[in-house]
Amino acid sequence: MQELLYLLVVIGIIVTVHELGHFLAARAMGIRVDVFSIGMGPRLIGYMRGRGWRLGPLPPQWLGQGATDYRLSLLPIGGYVRIAGMVEEDPESARSLPQPWEFRAKKPWQKAFVLSAGVLMNLITAVVLFAALALLKGGEEWQSTTIAYVVPNSAAEKLGLQAGDKVVSVDGAPVSTWNQLVERLLDPSVSGDSRIVEVERP
Numbered sequence: 004m005q006e007l008l009y010l011l012v013v014i015g016i017i018v019t020v021h022e023l024g025h026f027l028a029a030r031a032m033g034i035r036v037d038v039f040s041i042g043m044g045p046r047l048i049g050y051m052r053g054r055g056w057r058l059g060p061l062p063p064q065w066l067g068q069g070a071t072d073y074r075l076s077l078l079p080i081g082g083y084v085r086i087a088g089m090v091e092e093d094p095e096s097a098r099s100l101p102q103p104w105e106f107r108a109k110k111p112w113q114k115a116f117v118l119s120a121g122v123l124m125n126l127i128t129a130v131v132l133f134a135a136l137a138l139l140k141g142g143e144e145w146q147s148t149t150i151a152y153v154v155p156n157s158a159a160e161k162l163g164l165q166a167g168d169k170v171v172s173v174d175g176a177p178v179s180t181w182n183q184l185v186e187r188l189l190d191p192s193v194s195g196d197s198r199i200v201e202v203e204r205p
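Residue 18 in the numbering used here sits at position 15 of the sequence shown, with consecutive numbering throughout.
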């Protein structure tokens with residue numbers, strides 16, 4: 004049950020970021036966005052500029068008046084944006100002339116930008132997150148010679164190495180980073196197949 008909850012949260016975040024990309028691109032192109040929803044299904048609560056907060060569904064006449072309804076919906080399985088003038092979402096709009104604030108009135112490159120903005124937003128978010136993780140955590144791990152994990156039945160385990168051991172020297176030469184450790188172990192100038200590795204055990 005806990006795994007399912009985590010899955011829903013992750014999916015919700017991914018979809019929300021994706022839809023935020025469409026939303027921001029549409030607004031940047033001067034396109035009206037009627038709804039920005041986190042979740043699917045019936046509206047639970049939301050905010051509309053000029054109307055304030057409101058529980059439950061909105062009166063139909065409130066939509067399409069220029070203000071965006073930022074809403075939280077019942078089913079936490081995604082989200083969506085309702086962009087004015089997208090005929091696929093609103094077939095009735097095809098019966099009237101295109102308005103300047105509608106998607107269908109925009110140039111092809113503007114439409115392509117709005118449609119692709121969701122994927123671009125996910126890509127940018129992934130790059131930023133991985134870069135942040137590398138900056139915040141990657142350096143700490145890379146600058147350490149502490150063994151995080153020993154594969155069962157491996158040569159390291161047979162030599163007595165354990166998770167948590169910190170390598171402090173190789174053949175008497177101090178090492179403080181993983182790069183130094185690898186360089187010492189693979190040093191071609193050292194003859195013989197054996198190495199003396201000193202470790203500290205917590």
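Backbone N, C-alpha and C define an ideal beta-carbon position, used for all residues, glycine too.
Contact belief for residue i with residue j at Cβ below 8 Å, rounded distance in angstroms
i    : j    : result
V20  : T180 : Not confirmed; about 35 Å, so no contact.
M32  : V117 : 6 Å
G69  : R35  : 6 Å
V153 : A135 : Not a contact, Cβ separation roughly 29 Å.
R204 : D168 : 5 Å
L11  : P79  : 5 Å
L27  : L47  : No, L27 and L47 are not in contact; Cβ-Cβ is about 24 Å, not under 8 Å.
Boundaries of the beta strand (DSSP E) in which residue i is found, first to last residue
i    : result
R57  : 55-58
R187 : Segment 181-188 is the alpha helix (DSSP H) holding R187; no beta strand (DSSP E) there.
E203 : 200-203
G67  : No beta strand (DSSP E) contains G67, which DSSP labels as neither H nor E.
I41  : 36-51
Per-residue DSSP class, three states only, for residue i
i    : result
S119 : helix
K140 : helix
I86  : strand
P177 : strand
V154 : coil
L75  : strand
K110 : coil
T128 : helix
Of the residues the options, the one placed nearest residue i, counting alpha carbons only
i    : options               : result
Q146 : M51, N182, A70        : N182
Y73  : L23, K110, R107, K109 : L23
A115 : E203, H25, V185, V18  : H25
R85  : P103, L66, L100       : L66
D37  : W56, G15, W104, R57   : W104
Start and end residues, alpha helix (DSSP H) containing residue i
i   : result
E22 : 5-31
Same chain, Cβ closer than 6 Å to residue i, neighbours up to 5 away in sequence not counted
i    : result
G49  : D72, Y73, R74
F106 : I34, I86, G88, M89
I199 : D174
Sequence-distant residues of the same chain with beta carbon closer than 7 Å to residue i, five excluded per side
i    : result
E201 : V171, S172
M124 : V20, H21, L23, G24
CB contact below 8 Å: residue i versus chain B
i   : result
Q68 : In the structure shown, chain B cannot be found, because there is only a single protein chain.
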